[in-house]
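Take the sequence shown: its position 312, counting from 1, is numbered 311 in numbering that gives the first Met the number 0, and each next residue is one higher.
Ideal placement from N, C-alpha and C gives every residue a C-beta, glycine not left out.
Beneath this line is the structure, given in structure tokens, with notes to follow.
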Amino acid sequence: MFETIKVITTIAIVTVLTGCQTLPNTSVKKPTSTVETNPLTARMPAIDRRGYIAYIEEQGAGTAKVSTLYSIRPDGSDRQLIDQLNGYIYAPAWSADGQLLAYSKQAPREHPKIYIYDRSSNTRNLVVNAEGSNMSASFSPDGQDLLYSSTVGGNADIYKMRLSDGNTQQLTTLPSTEVQPSYAADGKSFVYTSDKVRAGRPRIYRYDFATGNATAVSTNGYVASPQLSLDGQRMAYLNGRKAAVMTLATGQVINLAETGLDEPARLSPSSNYAVYPTRRLNVGGQAAGQSSGSLVIHSLSGNTSYAISGQNGGVVRSPIWGR
Numbered sequence: 000m001f002e003t004i005k006v007i008t009t010i011a012i013v014t015v016l017t018g019c020q021t022l023p024n025t026s027v028k029k030p031t032s033t034v035e036t037n038p039l040t041a042r043m044p045a046i047d048r049r050g051y052i053a054y055i056e057e058q059g060a061g062t063a064k065v066s067t068l069y070s071i072r073p074d075g076s077d078r079q080l081i082d083q084l085n086g087y088i089y090a091p092a093w094s095a096d097g098q099l100l101a102y103s104k105q106a107p108r109e110h111p112k113i114y115i116y117d118r119s120s121n122t123r124n125l126v127v128n129a130e131g132s133n134m135s136a137s138f139s140p141d142g143q144d145l146l147y148s149s150t151v152g153g154n155a156d157i158y159k160m161r162l163s164d165g166n167t168q169q170l171t172t173l174p175s176t177e178v179q180p181s182y183a184a185d186g187k188s189f190v191y192t193s194d195k196v197r198a199g200r201p202r203i204y205r206y207d208f209a210t211g212n213a214t215a216v217s218t219n220g221y222v223a224s225p226q227l228s229l230d231g232q233r234m235a236y237l238n239g240r241k242a243a244v245m246t247l248a249t250g251q252v253i254n255l256a257e258t259g260l261d262e263p264a265r266l267s268p269s270s271n272y273a274v275y276p277t278r279r280l281n282v283g284g285q286a287a288g289q290s291s292g293s294l295v296i297h298s299l300s301g302n303t304s305y306a307i308s309g310q311n312g313g314v315v316r317s318p319i320w321g322r
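Written out as structure tokens, the structure is:
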């Protein structure tokens with residue numbers, strides 16, 4: 000699993016703050032779902048119910064891989080196509096106000112580059128372009144800075160970019176792999192994944208901006224891909240092969256599901272719900288070995304769930320819930 004987040008190419012970072020492109024305002028069909036009448040949806044706080052979930056749907060394989068980035072309401076309505084390419088899209092992340100969405104794109108024979116999509120103007124801008132892997136962007140709470148990982152120096156480290164002018168600072172300098180940063184809501188720290196203790200056995204750490212020090216978050220076994228809740232009390236992550244949520248004060252862990260995709264859970268703005276993708280094999284008359292996916296929305300207090308199907312029967316990945 001951890002090999003999928005390792006990066007190996009030595010490159011130099013080049014930031015590009017131009018290349019603005021207006022996207023078609025494309026509405027797509029409603030999913031086949033009963034979520035609009037589901038009592039779980041009706042009980043959601045407004046901050047969750049009125050928000051958007053961004054996710055990726057993949058079809059095909061190898062050189063025929065097509066990735067599509069969508070946003071959708073948690074009731075299954077208003078699905079919008081944000082971006083699509085022959086290749087891969089990775090790790091979308093909303094800004095705190097839900098207006099901007101950062102994500103990585105990788106076309107064939109190219110490196111992953113980080114883009115920012117602006118909902119208000121329906122445009123995207125290329126912000127990080129390098130000859131290696133540029134991944135896992137995370138907005139600061141004020142929207143002024145962007146954390147991400149990149150392979151400058153031959154291994155993955157974490158960087159902070161000031162979006163106004165592209166000024167970039169390297170935050171981690173270890174010979175190990177440091178990836179998947181995620182800001183805390185107060186902007187004073189972030190959590191990330193590192194295998195500095197044992198190669199290929201990642202742990203989660205919290206980096207403090209004031210001291211520049213990182214301390215391990217108390218977890219067990221193979222853990223990766225953390226996300227802190229807006230109230231700072233919970234952390235969603237990948238716990239072995241399970242999408243999971245931890246209450247940080249007590250260490251209590253809720254293992255939601257083994258998704259079949261090695262994908263983490265992600266928290267709603269209120270922190271009362273979690274979303275994760277799931278894969279179903281051989282459904283809807285597909286050939287053996289093919290799969291389709293859904294988004295699963297789970298109430299952390301009521302222990303109830305419902306699913307939203309993908310748009311075109313592809314593999315669903317990397318949902319993230321914003322305002």
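Going by C-alpha distance, which of the options is nearest residue i?
i: asparagine 271; options: Pro263, Ala235, Ala306, Lys241; result: Ala235
i: glycine 67; options: Ile88, Ala60, Gly142; result: Looking at the sequence shown, residue 67 is not glycine but threonine. For the residues Ile88, Ala60, Gly142, the minimum Cα distance to threonine 67 belongs to Ile88.
i: phenylalanine 138; options: Gly250, Leu162, Gly59; result: Leu162
i: tyrosine 206; options: Asp156, Pro276, Leu100; result: Asp156
i: glutamine 251; options: Arg233, Arg322, Arg265; result: Arg233
i: glycine 152; options: Val295, Asn166, Thr171; result: Thr171
i: valine 295; options: Asn311, Pro268, Ala264, Gly313; result: Ala264
i: tyrosine 108; options: Gly165, Pro73, Gly86; result: One detail in the question is off: residue 108 reads as arginine in this sequence, not tyrosine. Nearest option by C-alpha distance: Gly86.
i: aspartate 74; options: Trp93, Arg240, Met43, Tyr54; result: Met43
Run the CB neighbour count on residue i, radius 10 Å, all protein chains shown included, and call it buried at 16 or more, exposed below.
i: alanine 90; result: buried
i: alanine 41; result: exposed
i: glycine 142; result: exposed
i: leucine 145; result: buried
i: threonine 249; result: exposed
i: serine 119; result: exposed
i: valine 196; result: exposed
i: glutamine 323; result: Because the chain spans 0 through 322 in this model, residue 323 falls outside it and cannot be assessed.
i: alanine 60; result: exposed
i: asparagine 311; result: exposed
i: arginine 78; result: buried
i: asparagine 154; result: buried
Can you give me the Cβ contacts of residue i inside the same chain, cut-off strictly under 8 Å, excluding the 5 residues immediately before and after it?
i: alanine 184; result: Ala95, Pro140, Leu227, Ser228, Leu229, Asp230, Gly231
i: aspartate 82; result: Leu22, Thr67, Leu68, Ile88, Tyr102, Lys104, Tyr114, Tyr116, Arg123
i: leucine 84; result: Val65, Ser66, Lys104, Ala106
Please report the straight-line C-alpha distance between residue i and residue j, rounded to a whole angstrom.
i: histidine 110; j: threonine 62; result: 15 Å
i: tyrosine 323; j: asparagine 238; result: Residue 323 falls outside the range modelled here, since the chain spans only 0 to 322, and no answer is possible.
i: asparagine 212; j: serine 181; result: 16 Å
i: valine 65; j: isoleucine 52; result: 20 Å
i: glycine 284; j: lysine 159; result: Interpretation of glycine 284 is limited by its pLDDT of 38, a score under 50 that renders its predicted location unreliable; the figure taken from the coordinates is listed afterwards. Taking the straight line joining both Cα atoms gives about 46 Å.
i: glycine 186; j: alanine 242; result: 25 Å
i: leucine 299; j: glutamine 58; result: 31 Å
i: proline 276; j: leucine 255; result: 11 Å
i: glycine 199; j: threonine 176; result: 9 Å
i: serine 132; j: tyrosine 305; result: 35 Å
i: methionine 331; j: glutamine 179; result: This structure gives no information on residue 331, because the portion of the chain shown stretches from 0 to 322.
i: proline 225; j: threonine 150; result: 20 Å
i: leucine 99; j: asparagine 219; result: 34 Å
i: threonine 192; j: alanine 129; result: 21 Å
i: alanine 286; j: methionine 245; result: Confidence is the limiting factor: at alanine 286 the pLDDT is only 38, short of 50, which leaves the residue's position unreliable, though a coordinate-based value still follows. Those two C-alpha atoms are separated by around 38 Å.
i: phenylalanine 208; j: serine 188; result: 6 Å
i: glycine 97; j: proline 201; result: 30 Å
i: glycine 321; j: alanine 273; result: 12 Å
i: serine 76; j: leucine 173; result: 44 Å
i: tyrosine 147; j: valine 190; result: 12 Å
i: isoleucine 12; j: valine 126; result: Low confidence applies to isoleucine 12: its pLDDT is 33, below 50, so where it sits in the model is not reliable, and the reading given next is rough at best. Distance between the alpha carbons of isoleucine 12 and valine 126 is about 11 Å.
i: aspartate 194; j: serine 217; result: 15 Å
i: serine 291; j: valine 315; result: 7 Å
i: glutamate 56; j: proline 318; result: 10 Å
i: alanine 223; j: serine 267; result: 19 Å
i: serine 70; j: leucine 80; result: 7 Å
i: asparagine 121; j: glycine 313; result: 25 Å
i: tryptophan 93; j: histidine 297; result: 20 Å
i: alanine 136; j: lysine 112; result: 10 Å
i: arginine 240; j: serine 269; result: 25 Å
i: arginine 72; j: threonine 167; result: 34 Å
Leaving out five residues before and five after residue i in sequence, what residues of the same chain have Cβ atoms less than 7 Å from its Cβ?
i: threonine 210; result: none
i: asparagine 302; result: none
i: glycine 18; result: Because glycine 18 carries a pLDDT of 41, less than 50, the predicted location of this residue cannot be relied on, and no value is offered for it.
i: leucine 247; result: Gln232, Arg233, Met234
Leaving out five residues before and five after residue i in sequence, what residues of the same chain have Cβ atoms less than 6 Å from its Cβ?
i: glycine 288; result: Bear in mind that a pLDDT of 46 at glycine 288, under 50, signals an unreliable position, so the model cannot answer this.
i: alanine 215; result: Arg202, Tyr204
i: isoleucine 253; result: Val244
i: threonine 25; result: The predicted model places threonine 25 with a pLDDT of 45, which falls under 50 and marks its position as unreliable, so this point remains unresolved.
Could you check if residue i belongs to the surroundings of the ligand SAM, using beta carbon to heavy atom distance under 7 Å?
i: serine 120; result: Within the structure as shown, the ligand SAM is missing, as the structure has no ligands at all.
query: Do the segment 44 to 59 and the segment 250 to 260 meet, that is, are 3 or more Cβ pairs less than 8 Å apart?
result: no
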